[in-house]
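Engineer:
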């Protein structure tokens, strides 16, 4: 699929903001199955300096500082890219999940080191015995890893409700687990926490969904906004994405922007304002399939 | 070998010093046998005699108090500003022992720096299996945003501290590495200063290695780090602020090294460069010596809940525009979990044997060490392996052997559940050192903190250190937070010691810099302004209270209704919102008299009462604390007297004592004013101080006039006399008008007479001078011109009016036109003050946008 993606964030400040600092992660990654032809971040008013670099996880991080008083800020990312559809992996042919866990203790190859980045507690995701207990139902002894993760994806989708009003950006996983309602960020964090509680590597992926579904298919939850899902590591296949909010395995309908240990590693846009202004925030995401 | 103590001829002071079996004592090799380097010291001290020691130490402690050396203890009733606890006997280290320690320390600095450079760079140590990945990836101290920084040319560790302990066999062991933002070097220097001044004779006699060259080298190193401008780099010391436990040290070091002390809010990042917000605008910053933990240094890329840092700092470092020392991320290697790997890493990375061993440590993140810790729990101390994450407080070290049944099983469960998070460490039977207590020497446990600073391609060790002693012989933990004491450490030399100062090397001509190098942060200006206001308010209050209190005692004791009324009128000028006097008229004179006396005592001493003298001076002291580093040591010594009205038992104070306190306060405040007038450069800071004073005194004078002169009363002279006394103008008045007291001449002298430094006209005139000076400065663009104009107009109207006419009795028993003119001026003053504060104190909170 070829897409044009437009992600526009508008801040309306009640009072003038004199100085503000921002970091954004809005440039889609280049992957074997995803080719980003073009991407640029436009900022209005134009800041004097904008700089970009790859962060620790290889995401493009753009930072800029607004140095003149302003009462409105627009950050718009436009990207053209192509995502290749891939056949789903062989779920039942993947190695038993326990051997995956054990393989991490082996000699630290680049692959293993990469996986180990995502197996420990991070700022927003802390593993615990309760979550391990919940996850264990999908992980009976000897079950192939990917089959087990697929089952966990299905159960999370079934046990938890999508509800935009139930949680906020900072809601901890444990609260979501108890209230059973939340948004894609919470679904992804929960699945990551479950996998890590079993000693399995899992990472947080942020990106987009195509806005209009193919004919005859339902519109997916989370379109028209940033989306997030989970990725599990398999020593044979590498990283495999799972979308617990939609109970699906992402293919060419999911566009990957960034990944990290949890939301705080990849938040699309983050800033600090000097001036103590309250603001109204408006986000628009347009994912247009071109061909 | 057995020696009977009484046959020995140990120096006087060491007689009866108890020797604990199985413990290394720094001073005595065996009961009654002193080690050679101690023998001479104790001999010389004994020669001075106990009385002389006591006398000298009393002066030394006075000095510590006056210098404001404090260590803030969290959750302590003494809390802020607990005086520094220093022992008079130094810890001695002989030359040969120091040489090997020094070599081990420098090697350790190289090793730790090497490890950091790898982990924040290529991570070969993980790939090669030399360090377990979990040690780094599970560690919240590993900041991914700091990975891949352009630090290749600089070390990660510019200053590090190592805590050393000596085991019974005499071997030194490393207890902990302090790589984050090590504290203590400044306290060590202050300890040295005090000891060298107290025992100049001993200090010369023992060829003690000086500390100054270490600090000079460190300062030069920091100046040379400047990434852009080599001729005149600006280095700042970043502190979390006065509530930090070691804030004294931050301000002390900043002044000693000649760097500007700043808080996060004083710095700003523009165009990926760091600037200091000063009264003269933004000034570029080249090097930041930080005392803020790395995680708090940038709310954008590090901990987002931090208010102590500088938004955008990481990006500025990444852009190569500023150097932060220690490098952001350096706290990683403080983790005790690294210790077991150091011997092997040293061999692999440096090709050398690790010279200075760490205390035996087991990181539980690996199966065998975990099992060892579980099996030997009784003999180990269990520590968190990693720094605390987020807002959850870290675990305190736990002594396995001291745990009761359920505590023990809970710890074992935690160890099994999250093994990565813990490390077990062998308990060291710490050596003992003599401390001088109750006129005798008694042994205490000791831990020595030593310091290393980067210097060119290597590190140099400070020849000395901060020795910390336990509060009691049987306390196994040595910590300033737990009430321990400290000692100076004397590294002895075989060679004559050269004196060093911190002056610049000779021969380099300095560029002449007239005017002022004002690096005064804008935030500091606000504190200085308020210091002026509080100091003046304190003086006014002290004078009014003294005026009343004197009349309640002695000769004035018995008086008639009119005197009483005047007294109450003066009291009413204070307009205390917390007055303890009952509204109703009390029955008899005696009760009135007692009630007013109690009320005055409360107004002097009661700390909880926000308008008491005690509270006002506390606020002045807090303002001083905020700007310590910009004030001279003489000024700080005077300010240390602000606590004169501190007493826990004010209810029992006699009026005599209270009067003495008031006189002392007035004297202290006058001394402060004297330093202001004679010893401070007329820079922006001085103008802010002056403006604050003038505004406050004007407000007080206007209040007095409105309360005392505006209302007509038949017998005004007692009140007028008090007014002259409070305004310190009685002498001038009497020299002109003798004893005849009338409203018009009093008002003329106190309001209009510009030659009288206590008059309102003088205050306003001087205030406007300060305003002109401040608004003309580069940062004066935002000066509240209109508020200043309001005041000028109101004041002009007041002074233009004829004093005699103003004092003519009007209707309804009031001098109405005087009142109106005073009210207009009285309103313009606080308005100007608020506006100045708004312009210079941009404590606009940072707000988050997600």
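Chains as they are written, first to last, in the working numbering: chain A, 6 to 296; chain B, 465 to 1314. Just so you know, even glycine gets a beta-carbon here, dropped at the ideal spot from N, CA and C.
Bridge partners of residue 187 of chain A, per DSSP?
Structural biologist: Per DSSP, A/167.
Engineer: Could you tell me how far apart the beta carbons of residue 194 of chain A and residue 130 of chain A are, in whole angstroms, since I believe they sit closer than 8 Å?
Structural biologist: Right, their Cβ atoms sit about 6 Å apart.
Engineer: Near residue 1076 of chain B, which residues of its chain fall below 6 Å by C-beta distance, leaving aside the five closest residues on each side in sequence?
Structural biologist: 1067 and 1070.
Engineer: Is residue 746 of chain B helix, strand or coil when you go by DSSP?
Structural biologist: Of the three classes helix, strand and coil, the one that applies to residue 746 of chain B here is strand, per DSSP.
Engineer: Taking the C-alpha atoms as reference points, what is the distance between residue 893 of chain B and residue 634 of chain B?
Structural biologist: Taking the straight line from one Cα to the other gives about 11 Å.
Engineer: Can you check whether the CB of residue 12 of chain A is closer than 9 Å to the CB of residue 209 of chain A?
Structural biologist: No, these two residues do not count as a Cβ contact at 9 Å.
Engineer: Is there contact here, the segment 677-684 of chain B with the segment 728-739 of chain B, by at least three beta-carbon pairs under 8 Å?
Structural biologist: Too few Cβ pairs lie closer than 8 Å, so no.
Engineer: Are the C-beta atoms of residue 1166 of chain B and some chain A residue less than 9 Å apart?
Structural biologist: It does not: the Cβ of residue 1166 of chain B has no partner Cβ on chain A nearer than 9 Å.
Engineer: Could you spell out the range, first to last residue, of the alpha helix (DSSP H) harbouring residue 522 of chain B?
Structural biologist: Segment 514-530, the alpha helix (DSSP H) holding residue 522 of chain B.
Engineer: Within its chain, find whatever has a CB closer than 7 Å to the CB of residue 549 of chain B; leave out the 5 residues flanking it on each side and keep chain order.
Structural biologist: Taken in chain order, the residues that qualify are 949 and 950.
Engineer: Roughly how many whole angstroms lie between the Cα atoms of residue 873 of chain B and residue 831 of chain B?
Structural biologist: Taking the straight line joining both Cα atoms gives about 19 Å.
Engineer: Strictly below 9 Å CB to CB, what residues from chain B border residue 118 of chain A?
Structural biologist: Simply 587, 590, 591, 597 and 601.
Engineer: Closer than 7 Å by C-beta to residue 656 of chain B: which residues in its own chain qualify, once you throw out the five before and the five after it? Chain order, please.
Structural biologist: Within the same chain, residue 656 of chain B has close Cβ partners 675, 928 and 952.
Engineer: Looking at C-alpha atoms only, which residue of B/650, B/652 and B/629 is the closest neighbour of residue 641 of chain B?
Structural biologist: Out of B/650, B/652 and B/629, B/629 has the C-alpha closest to the C-alpha of residue 641 of chain B.
Engineer: Where does the unbroken beta strand (DSSP E) through residue 285 of chain A begin, and where does it stop?
Structural biologist: Residue 285 of chain A -> beta strand (DSSP E) spans 284-294.
Engineer: Kindly confirm or deny that the segment 811-820 of chain B and the segment 567-582 of chain B touch, where touching means at least three C-beta pairs closer than 8 Å.
Structural biologist: The segment 811-820 of chain B is in contact with the segment 567-582 of chain B.
Engineer: Beta-carbon within less than 8 Å of residue 1004 of chain B's beta-carbon, same chain only, minus the 5 sequence neighbours each way: which residues are those?
Structural biologist: Closer than 8 Å at the Cβ level, and outside the excluded window around residue 1004 of chain B, lie 1160, 1161, 1164 and 1190.
Engineer: Kindly indicate if chain A contains any beta-carbon less than 9 Å away from that of residue 479 of chain B.
Structural biologist: Chain A contact via Cβ: absent.
Engineer: Closer than 9 Å, CB to CB, is residue 735 of chain B near chain A or not?
Structural biologist: Chain A, which has a Cβ nearer than 9 Å to the Cβ of residue 735 of chain B, makes this yes.
Engineer: Count Cβ pairs between the segment 1075-1090 of chain B and the segment 985-1004 of chain B that sit closer than 8 Å; are there 3 or more?
Structural biologist: Yes, they touch.
Engineer: Should the segment 1089-1100 of chain B be regarded as contacting the segment 714-733 of chain B, the criterion being three or more beta carbon pairs within less than 8 Å?
Structural biologist: Because the criterion of three Cβ pairs below 8 Å is met, the segment 1089-1100 of chain B and the segment 714-733 of chain B touch.
Engineer: Determine the burial state of residue 843 of chain B: buried for a count of at least 16 other Cβ atoms within 10 Å of its Cβ, exposed for fewer.
Structural biologist: Label assigned to residue 843 of chain B: exposed.
Engineer: Whole angstroms is fine: what's the gap from residue 960 of chain B's alpha carbon to residue 671 of chain B's?
Structural biologist: Their backbone Cα atoms lie some 6 Å apart in a straight line.
Engineer: Express the C-alpha separation of residue 762 of chain B and residue 777 of chain B in angstroms, rounding to a whole number.
Structural biologist: C-alpha separation (whole angstroms): 6 Å.
Engineer: Kindly list the residues whose CB is nearer than 8 Å to the CB of residue 1170 of chain B, restricted to its own chain and excluding five residues on each side of it in sequence; keep chain order.
Structural biologist: 1283, 1286, 1287 and 1290, listed in sequence order.
Engineer: So if DSSP puts residue 149 of chain A in a beta bridge, which residue, or which two residues, is it bridged to?
Structural biologist: Answer is A/101, bridged to residue 149 of chain A.
Engineer: Let me know the secondary structure DSSP gives residue 1110 of chain B once reduced to three states.
Structural biologist: Reduced to three states, the DSSP call for residue 1110 of chain B is coil.
Engineer: Using only alpha-carbon positions, find the residue among B/852, B/902, B/845 and B/1173 that is nearest to residue 875 of chain B.
Structural biologist: The residue with the shortest Cα to Cα distance from residue 875 of chain B is B/845.
Engineer: Residue 45 of chain A: buried (16+ other C-beta within 10 angstroms of its C-beta) or exposed?
Structural biologist: Result: exposed.
Engineer: Give a yes or no on whether 9 Å exceeds the smallest Cβ distance from residue 276 of chain A to chain B.
Structural biologist: Yes - at least one Cβ of chain B is within 9 Å of the one on residue 276 of chain A.
Engineer: So, helix, strand or coil for residue 716 of chain B, using DSSP?
Structural biologist: Helix, per DSSP.
Engineer: Nearest-angstrom Cα distance between residue 467 of chain B and residue 504 of chain B?
Structural biologist: Residue placement at residue 467 of chain B is flagged as unreliable, the pLDDT there being 37, under the threshold of 50; the coordinate-derived value follows with that caveat. Whole-angstrom Cα-Cα distance: 20 Å.
Engineer: Within 10 angstroms of its Cβ, does residue 712 of chain B collect 16 or more other Cβ (buried), or is it exposed?
Structural biologist: By the 10 Å Cβ count, residue 712 of chain B comes out buried.
Engineer: Residue 726 of chain B lies in the beta strand (DSSP E); which residues open and close that run?
Structural biologist: That run of the beta strand (DSSP E) goes 724-726.
Engineer: DSSP on residue 1075 of chain B, reduced to helix/strand/coil?
Structural biologist: Coil at residue 1075 of chain B, not helix or strand.
Engineer: Report buried or exposed for residue 523 of chain B, applying the criterion of at least 16 other Cβ atoms within 10 angstroms of its Cβ.
Structural biologist: Flag for residue 523 of chain B reads exposed.
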